[in-house]
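J.: Numbering (the working numbering), first residue to last: 83 to 614.
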């Protein structure tokens, strides 16, 4: 990594799941000078490496620690949403589940006019990213930097969940990433290598840390993008030693995520004109879609007490610690949500709208609440919600957190769908294979059979699953923020390359698609600038 300069060819804002990829790929040409700016720290903390410790990063200095505004359809509750404030972004603090999504996700994007983002056209970039240690086939990547593998040591209860899911029509599969899975269940693949997290920073940046044309600054919070004559020319950055400006001779690439990317655009004068003016921000380009169309996956838990001392609740002991230290095996390699599945609430749907996450552990209140004893959990997730919300500025102060509103259940059909999914989750958890392990109900405190009772439970206990997307979505100039080349409308030399450009949320965990967007975005940029 070379010394800090004032001018670069490209400046990448945000060292997360997409930004790490963009910086690594653009700097492959030694003549291209790249500056990567990350507001958080370097990724050296042990909690970022040990898989089962991921929830211990929540509400620490490694987390932006966001909270939504009160959700009117969730009993006015505010929801906690962790976001990685560290090199690697949320890919450094997530549960490491590797899910590409369904092919219909990308074909739906293409049908909206984003024809270069069909499943056929994004598949090569998933393959380019991954080095899959355990699966083979023409659609599997084997030579990428991101390490993908099977869980090394799944819990006994996870296998019993698979039996229970299969008994309820969810056939067991070895691979969730064929692009065409329907009703199915299985054990998730994860982003690990030898029991250690393979984060975007570890995968993409660590191997090239001595690349002389790549400068990485941590603790570098971008205050605004500098724009002259509707052309992005640089950035204003808060560093430990004061505020500095850096300039890009080719492009600024905004990869700060679904909350921070729209925030930075609006602070820079790009957004709804009247809204910006009311906050005292000069409107450089009136682009009303900035911050709009936010989506996240709603998830509701079903948790039982377990009558056997076999869960991850008791995993923090000397035996497991030694097993991990010496062999990189055992409970500490777990991603907690070890198993999962997909289901359609309507057989006429082209793809599933419900996902399940099974964990042999009490997962209560984001992991902050640790009930005594042992438990196991099944999260029911609506992966194709219709509800959309927004990200807005609270003020013109860059240090003020944005106002986040996923607007969960604003479309009442979302509640209907999740209610149906939860009803099936009760059948799965009550199936014969899991009965010998069930001690008592925990959440809820009894089986719910009345539909209205289920809905009330869901409204009281649903959370966002930490998968925010769509706030700088690809679309037309009337409906979106970027075109399908990821260029921001109305501003030259500015792109957004991260999960915020998704026209709609994918049917699954969003880290793999975010990395794919980084790969495809970097490829688009290199082709435009004829970078070999």
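Glycine included, C-beta positions come from ideal geometry on N, C-alpha and C.
Could you name the residues that DSSP lists as bridge partners for residue 214?
T.: DSSP, once it has assigned bridges, lists 230 as partnering residue 214.
J.: Between residue 193 and residue 433, what straight-line distance do the alpha-carbon atoms span, to the nearest angstrom?
T.: About 15 Å.
J.: Beta-carbon within less than 7 Å of residue 611's beta-carbon, same chain only, minus the 5 sequence neighbours each way: which residues are those?
T.: So the qualifying residues of the chain are 332.
J.: Tell me which same chain residues have a C-beta within less than 8 Å of the C-beta of residue 83, skipping the five on either side of it?
T.: Residue confidence for residue 83 is low, a pLDDT of 49 falling below 50, so the modelled location carries little weight; the figure read from the coordinates is stated next. Excluding residues within five positions, the ones whose Cβ falls inside 8 Å are 291, 292, 293, 294, 296, 297 and 298.
J.: Say whether the region 367-378 touches the region 439-459, bearing in mind that this needs 3 or more beta-carbon pairs closer than 8 Å, one atom from each stretch.
T.: No: fewer than three Cβ pairs fall under 8 Å.
J.: Looking only at its chain, what residues have a beta carbon closer than 6 Å to the beta carbon of residue 493, apart from the 5 residues adjacent to it on each side?
T.: Only 468 and 469 meet the Cβ criterion.
J.: Answer with yes or no whether the minimum CB distance from residue 217 to chain C is below 9 Å.
T.: Looking for chain C here will not work: only one protein chain is present.
J.: Return helix, strand or coil for residue 261, following the three-state DSSP convention.
T.: In this structure, residue 261 counts as coil in the three-state DSSP scheme.
J.: Could you compute how far the alpha carbon of residue 536 sits from the alpha carbon of residue 377?
T.: Rounded to whole angstroms, residue 536 to residue 377 spans 23 Å at the Cα level.
J.: To the nearest angstrom, report how far apart residue 172 and residue 538 are at their CA atoms.
T.: So the alpha carbons of these two residues sit roughly 31 Å apart.
J.: Please classify residue 644: is it buried, with 16 or more other beta-carbons within 10 angstroms of its beta-carbon, or exposed?
T.: Limits of the chain in this structure are 83 at one end and 614 at the other, which puts residue 644 out of reach.
J.: Please report the Cβ distance between residue 439 and residue 413, rounded to the nearest whole angstrom; I am assuming they are in contact, meaning their Cβ atoms lie under 8 Å.
T.: Contact flag wrong, Cβ pair sits at about 17 Å.
J.: So what does DSSP say about residue 434, is it helix, strand or coil?
T.: Reduced to three states, the DSSP call for residue 434 is coil.
J.: Among the residues of its own chain, which have a CB less than 7 Å from the CB of residue 563, if the five just before and after it don't count?
T.: Counting only Cβ-Cβ distances below 7 Å, and skipping sequence neighbours, we find 369, 371, 372, 554, 555, 570, 571 and 578.
J.: Shortest alpha-carbon distance to residue 422 belongs to which of 511, 355 and 341?
T.: If we check each option's Cα against that of residue 422, 511 comes out closest.
J.: When DSSP builds the beta bridges, which residues end up paired with residue 451?
T.: DSSP lists 446 as partners of residue 451.
J.: Taking the alpha-carbon positions, what's the residue 186 to residue 156 distance?
T.: Roughly 29 Å between the two C-alpha positions.
J.: Which word fits residue 92, buried or exposed, when buried means at least 16 other C-beta atoms lie within 10 angstroms of its C-beta?
T.: Buried, because 16 or more other Cβ atoms sit within 10 Å of the Cβ of residue 92.
J.: Could you work out which residue in 115, 95 and 102 is closest to residue 85 when comparing CA atoms only?
T.: The residue with the shortest Cα to Cα distance from residue 85 is 115.
J.: Which same chain residues end up closer than 6 Å to residue 200 when comparing Cβ atoms and leaving out the 5 residues on each side of it in sequence?
T.: Hits under 6 Å: 188, 189 and 192.
J.: What's the call for residue 550, buried or exposed, on a 16-neighbour Cβ count within 10 Å?
T.: The residue is buried, with at least 16 neighbouring Cβ atoms inside 10 Å.
J.: Pull the bridge partners of residue 159 from the DSSP assignment, please.
T.: In the DSSP output, where bridge partners are listed per residue, residue 159 has 153.
J.: Just to confirm my understanding: we take residue 109, look at its own chain, exclude 5 residues before and 5 after, and list those with CB closer than 6 Å. What are they?
T.: Answer for residue 109: 116, 293, 295 and 296, listed in chain order.
J.: Output the distance between the C-alpha atoms of residue 500 and residue 321, rounded to the nearest integer angstrom.
T.: Approximately 44 Å, taken between the alpha carbons.
J.: Would the region 302-310 count as touching the region 332-351 if we require 3 or more Cβ pairs under 8 Å?
T.: The answer is yes - the region 332-351 touches the region 302-310, with three or more Cβ pairs under 8 Å.
J.: Using 10 angstroms around the beta-carbon of residue 100, count the other beta-carbons present and answer buried if the total reaches 16, otherwise exposed.
T.: So residue 100 counts as buried.
J.: Within 10 angstroms of its Cβ, does residue 284 collect 16 or more other Cβ (buried), or is it exposed?
T.: Buried is the call here.
J.: With which residues is residue 462 paired in a DSSP beta bridge?
T.: DSSP output for residue 462 lists 382 and 438 as bridge partner(s).
J.: Let me make sure I understand the geometry here. Which of 534, 121, 95 and 521 has the alpha-carbon closest to that of residue 481?
T.: When only C-alpha atoms are compared, the closest one is 121.
J.: Would you mind sorting residue 408 into buried or exposed? The rule is 16 or more other CB atoms within 10 Å of its CB.
T.: By the neighbour-count rule (16 or more Cβ atoms within 10 Å), residue 408 is not buried but exposed.
J.: Quick one: using the 10 Å Cβ neighbour count with 16 as the cut-off for buried, is residue 141 buried or exposed?
T.: The residue in question, residue 141, is exposed, as its Cβ has fewer than 16 Cβ neighbours within 10 Å.
J.: Identify which residue in 348, 204, 259 and 236 has its Cα closest to the Cα of residue 472.
T.: Among 348, 204, 259 and 236, the Cα nearest to that of residue 472 belongs to 348.
J.: By Cβ distance below 7 Å, which residues in the same chain neighbour residue 474 in space, the five residues on each side in sequence not counted?
T.: Same-chain partners within the cutoff: 373, 484 and 485.
J.: Does residue 573 come out as helix, strand or coil in the three-state DSSP assignment?
T.: Of the three classes helix, strand and coil, the one that applies to residue 573 here is coil, per DSSP.
J.: Measuring alpha carbon to alpha carbon, tell me which residue in 424, 236, 130 and 329 is nearest residue 87.
T.: Of the listed residues, the one whose Cα sits closest to residue 87 is 329.
J.: Could you tell me whether the region 345-364 touches the region 587-595, where touching means 3 or more Cβ pairs closer than 8 Å?
T.: Contact between the region 345-364 and the region 587-595 is absent, because fewer than three Cβ pairs lie under 8 Å.
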